[in-house]
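Trainee: Numbering-wise, my numbering comes out as the position in the sequence shown, counting from 1, plus 35.
Positions of the beta carbon are idealized from the N, C-alpha and C atoms, including for glycine.
My structure is below; once you've seen it, I'll send some questions.
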Amino acid sequence: MKAMILAAGFGTRLRPLTNKVPKPMVPILNRPILEHTIHLLRTHGICDIVVNLHHLPQMITDFFGDGKEFGVNLHWSHEPEILGTAGGIKQAQQWLDGESFLVINSDVVVEIDLSKVLAFHKAKGSALTLVVREGDSPEQCDPIEVDEDDRIVHIVGASSMNMPDDTTRVLFTGIQVMEPEIFDRIPENKFYGTTTDVFPGMLADELPMFVTWHHGYWKDIGTIQSYLDVHQDLLDGRMEGGLPIENNNPANGHLTQPVLIGKNCRIADTAKIGPYAVLGDNCTVGDHAVIEHSICWNDVTLGKGSHLRQSVLGNGVTVKDKETLDKKTLSQ
């Protein structure tokens, strides 16, 4: 089994953090989100992986290389112009052709048994399997109508305001399994969507297309709030079996767990860290500084008496002495 990780987006809703850091390199518990996705795939024996890139690609390829250090074989599909989901998949055909393959978004944190998803796909003889879950609200969901066998019988554009009354609303998790025949439906070197341009034709041709339900942990990091939320969830231990994380809790400073401290951090004895605080590597926290429910990337400096609450600071940000930041997102 091969897989493709969709990682070519700009991460616009995470700006300014993603102005100088591509979204796949945004850290979750001090490790790039893309590394968490690679770990998930490798855990299920999927080690031949292609990743599409567009925004700041060299930062990603320099970190991951050929993937050997991470136990996988990585192939990079560069998109000088964004091609859309289907267009990106088409460009990666040389690495995916010949067998069923899995496609996963790079911005999801999920605890899922991919082996069961693949087994479901094979058992159904499906041309396409979407992993879905119940949404928290109708506005959050993708309108997909399924029958009693979980077969997809109708897909309405996500922006449609005139959905049939019997449409089952589900939330697409960003995980799907496809068959190589899909490549014949996608033109080369053209922006092309799956839901808008490919799936309707598959339905019209009456190909078997199914959903399988995911009830475990899942979160995307499309917004700053969801980025903060996923850290709180993971620090609370709501997801098992994820990427092993090294915690370098110092002997000094007042720590209110849960917290995660990176390497080579300098924390004053009178500083207060936590709860739900994450410090990257090489951070400095001054006397009487307070950080709670916040995330600091690498090389952040918190001045004396500063206070950080519900905020995210990108690499190298400095907070002045006695400065208070509440629900702020800053990047150099």
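Would you identify the three-state DSSP class for L118, choosing helix, strand or coil?
Mentor: Against the sequence shown, residue 118 aligns to sequence position 83. Coil, per DSSP.
Trainee: Start and end of the alpha helix (DSSP H) containing H74?
Mentor: Position 39 of the sequence shown, counted from the first residue, corresponds to residue 74. Segment I68 to T78, the alpha helix (DSSP H) holding H74.
Trainee: Mind pulling the alpha helix (DSSP H) runs of 4 or more residues that sit fully within the segment 99 to 148?
Mentor: Qualifying alpha helix (DSSP H) stretches, in chain order: 119 to 126 and 128 to 131.
Trainee: Once DSSP output is grouped into helix, strand and coil, what is the label at D185?
Mentor: The sequence position of residue 185 within the sequence shown is 150, counting from 1. Three-state DSSP puts D185 in coil, outside helix and strand.
Trainee: Going by DSSP, what residues sit across from M244 in a beta bridge?
Mentor: Position 209 of the sequence shown, counted from the first residue, corresponds to residue 244. According to DSSP, which records beta bridges pairwise, M244 is partnered with L163.
Trainee: In terms of alpha-carbon separation, which member of H74, K254 and S135 lies closest to N108?
Mentor: To locate residue 108, count along the sequence shown from 1; it is residue 73. Taking only the C-alpha atoms, the option nearest N108 is H74.
Trainee: If you run the structure through DSSP and keep just helix, strand and coil, what is L64?
Mentor: On the sequence shown, residue 64 is found 29 positions in, with the first residue counted as 1. If DSSP states are grouped into helix, strand and coil, L64 belongs with coil.
Trainee: For G228, which residues in the same chain have their Cβ closer than 7 Å to its Cβ, ignoring the five residues on either side in sequence?
Mentor: Numbered from its first residue, the sequence shown carries residue 228 at position 193. So the qualifying residues of the chain are G119, T120 and A121.
Trainee: Let's test the definition: count the other Cβ atoms within 10 Å of the Cβ of T72 and tell me whether it reaches 16, buried, or not, exposed.
Mentor: Here residue 72 refers to the residue found at position 37 when the sequence shown is read from its first residue. That one is buried.
Trainee: For L41, which of helix, strand or coil comes out of DSSP?
Mentor: Stepping through the sequence shown from its first residue, residue 41 is reached at position 6. Correct three-state label for L41: strand.
Trainee: Mark S112 as exposed unless 16 or more other C-beta atoms lie within 10 angstroms of its C-beta, in which case mark it buried.
Mentor: For the purposes of this step, residue 112 is taken as residue 77 along the sequence shown, with counting starting at 1. Answer is buried; the Cβ neighbour count reaches 16.
Trainee: For A312, which beta-bridge partners are listed by DSSP?
Mentor: Here the question's residue 312 lines up with position 277 in the sequence shown. In DSSP, A312 forms a bridge with V294 and S329.
Trainee: My guess is that G338 and I308 are in contact by the Cβ rule of under 8 Å, so how many angstroms apart are they, rounded?
Mentor: The residue labelled residue 338 in the question sits at position 303 within the sequence shown. The residue labelled residue 308 in the question sits at position 273 within the sequence shown. 15 Å between Cβ atoms; not a contact.
Trainee: Look at the alpha carbon of Q260 and the alpha carbon of K225, and state the distance between them as a whole number of angstroms.
Mentor: The sequence position of residue 260 within the sequence shown is 225, counting from 1. The sequence position of residue 225 within the sequence shown is 190, counting from 1. For Q260 and K225, the distance between alpha carbons rounds to 33 Å.
Trainee: Distance check for H342 and V335, CA to CA, integer angstroms please.
Mentor: Counted from its first residue, the sequence shown places residue 335 at position 300. Counted from its first residue, the sequence shown places residue 342 at position 307. Each residue's Cα considered, the two are about 13 Å apart.
Trainee: Given that a residue counts as buried once 16 or more other Cβ atoms are within 10 Å of its Cβ, and exposed if not, what is E114?
Mentor: Your numbering for residue 114 matches position 79 in the sequence shown. With 16 or more Cβ atoms within 10 Å of its Cβ, E114 is classed as buried.
Trainee: With H90 as the anchor, note down where its beta strand (DSSP E) starts and where it stops.
Mentor: Start at 1 with the first residue of the sequence shown, and residue 90 comes out as number 55. Neither: H90 is in no beta strand (DSSP E) and is coded neither H nor E.
Trainee: Compare the beta carbon distance of V205 and E146 with 8 Å and say whether it is the shorter of the two.
Mentor: To locate residue 205, count along the sequence shown from 1; it is residue 170. To locate residue 146, count along the sequence shown from 1; it is residue 111. Cβ distance not < 8 Å, so V205 and E146 don't count as in contact.
Trainee: Checking 8 Å against the spacing of the C-beta atoms, do M39 and L131 come in under that value?
Mentor: For the purposes of this step, residue 39 is identified with residue 4 of the sequence shown, where counting begins at 1. For the purposes of this step, residue 131 is identified with residue 96 of the sequence shown, where counting begins at 1. Taking 8 Å as the Cβ cut-off, M39 and L131 qualify as a contacting pair.
Trainee: In three-state terms, what does DSSP make of T231?
Mentor: Looking up residue 231 in the sequence shown gives position 196. Three-state result, T231: coil.
Trainee: Please report the distance separating the alpha-carbon of S195 from that of V212.
Mentor: What you label residue 195 is simply residue 160 of the sequence shown in a count that begins at 1. What you label residue 212 is simply residue 177 of the sequence shown in a count that begins at 1. For S195, the pLDDT reaches just 44, beneath the cut-off of 50, and the residue's location in the model is therefore unreliable, although a value from the coordinates is still provided. Going by the C-alpha atoms only, they are around 25 Å apart.
Trainee: What first and last residue would you give for the beta strand (DSSP E) that runs through L264?
Mentor: For the purposes of this step, residue 264 is taken as residue 229 along the sequence shown, with counting starting at 1. The residue you asked about is not Leu; residue 264 is Asp in the sequence shown. Per DSSP, D264 belongs to no beta strand (DSSP E); it is in the alpha helix (DSSP H), I259 to L270.
Trainee: What residues match up with V85 in a beta bridge as DSSP calls it?
Mentor: Translated into the one-based positions of the sequence shown, residue 85 becomes position 50. According to DSSP, V85 bridges with M39 and H110.
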